[in-house]
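First up is the structure itself, then whatever we jot down about it.
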Amino acid sequence: MSDYSRRQFLGAAATAAVAGGVTPALAVQGAPGGTRVPGSAAGMAPSPFAQESAVGVAASRPVVIASGNGLRATEKAMAMLVEGADPLTAVIAGVNIVEEDPKDNSVGYGGIPNEDGVVELDSCVMYGPTHQAGAVAALRNIKTPSRVARLVMERTDHVLLVGEGALRFARAHGFEEVNLLTDEAREIWLRWKERHSDDDDWLSPPEQGNGGAQSKARDILRTYGTINCCAVTAGGDLAGVTTTSGLSYKIPGRVGDSPIIGAGLYVENEVGAAGSTGRGEAVIQICGSHTVVEAMRHGMSPQEACLHACKRIADCTRVDRLRDAKGRPNFDVKFYAVARDGRHGAASIWSGGHYAVFADGRNRHEPIVGLYEHD
Ligand code: GLY
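By our numbering, the letter at position 30 of the sequence shown is numbered 36, and the numbering carries on one by one without gaps.
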């Protein structure tokens, strides 16, 4: 890759975009953290490869970015950076707010459980100055998996602990064990369990005005909600964290991209940091966040690099059940990136949505560029 020039890199991406029938556009999007696009992606039209992606969004350091559900995280992390905290401490403190929030059903305490009704959490952290990383997967009973991931990085010679081993490690470090399943999340799971098949004995509650009949309508969407948060300090040091309860109603033990270094998060102190939300399987299959950072290393802006990774996913999605009638992914993924110099950007497969950014003294949402645009 040493002679892989920026011109070649961008040229290949643009050629692929044209071949795929996409046209430039920008879009604003709603669902934070990557809500799954229903299987029938009919009604979605060709779309974007953003002209503005060649520019990226400039900002003076320090900068903190996060997925759309991370506005409180960017605020907290920036406050800590300004007070001199190291960037990893800052971003973890930021996402802890969301991990501990029972109202957020996609992360930590209150997350939607697996198919057995048990909440299993995934998280990883990466610290630019030392290029160290730590992660936990399928961790039960601990509200803040990001803190356990940091301890894996700092207090073991490993990168990733999973399941029972991760829980025992957390116990050894004195983490409090709690039941992560809130009543609200349990009710959501119960509705799914009662409705997901016509061929079992679980019945929905009788509907009022329906003569007591039980509906089996399969109208409950599954989500991949997640929070990613990355920061660059005034001095140019980078760190990032990704944390999630993963795919709702997943098979127990399923691990998504969020605890996989290079997939749900990657940090290179000389280049930038990137993270993802959305369908983790697709991100893992292209080493998504590593792809974004490598694209930035070869000259793309953060926004271009995120869009490049989305295009890689579109190119690599070859299984019919994951594609719409036009051959496009019938799911969504979002990437978020910040460069060492403070530029930042984000992109998604399907247009819409926003990401959180605290830069130049303002904490706000910025629009996400989409590869394809909804009708
Ligand atoms: N991106 C979160 C997951 O797939 O679990």
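Don't be surprised by glycine CBs; every beta carbon is placed ideally from N, CA and C.
In summary, Asp381 is exposed, with fewer than 16 beta-carbon neighbours lying within 10 Å of its beta-carbon over all protein chains present. For Ser295, the shortest C-beta to heavy atom distance toward ligand 1 is 7 Å or greater. In this structure, Val70 lies near Phe364, with their beta-carbon atoms less than 8 Å apart.
When the beta-carbon positions are compared, Leu157 and Gly140 come within less than 8 Å of each other.
Within the same chain, Cβ atoms closer than 7 Å to the Cβ of Val289 are found at Asp263, Ala269, Gly270, Ser282 and Val339, the five residues on either side in sequence being excluded.
Ala245 and Asp205 have their alpha carbons spaced roughly 48 Å apart. The alpha carbon of Ile98 has as its nearest neighbour, out of Ala353, Thr248, Ser112 and Val298, the alpha carbon of Thr248.
With a minimum length of 4 residues, the unbroken runs of alpha helix (DSSP H) contained wholly in the stretch 265-337 fall at 286-291, 294-303 and 308-322.
Within the stretch 57-112, complete alpha helix (DSSP H) segments of at least 4 residues are found at 77-88 and 93-105, given in chain order.
The continuous stretches of beta strand (DSSP E) do not include Ala155, which lies in the alpha helix (DSSP H) extending over residues Pro151 to Arg161. Closer than 7 Å to some heavy atom of ligand 1: that does not describe the Cβ of Gly281. Look at the beta carbons and you see the stretch 140-149 not touching the stretch 187-203: under three pairs across the two are nearer than 8 Å. In this chain, the alpha helix (DSSP H) harbouring Gly171 covers Gly169 to Ala178. For Leu196, there is no enclosing beta strand (DSSP E); the residue is found in the alpha helix (DSSP H) stretching over Asp189 to Arg201. Contact check between the stretch 160-175 and the stretch 86-96: fewer than three CB pairs, one atom from each, fall below 8 Å, which does not count as touching.
Per DSSP, reduced to three states, the secondary structure at Lys340 is strand. When distances are taken from the beta-carbon of Arg285 to the heavy atoms of ligand 1, the shortest one is below 7 Å. Secondary structure at Asn147: coil, using DSSP grouped into helix, strand and coil. Rounded to whole angstroms, the gap between the alpha carbons of Ala352 and Pro212 is 44 Å.
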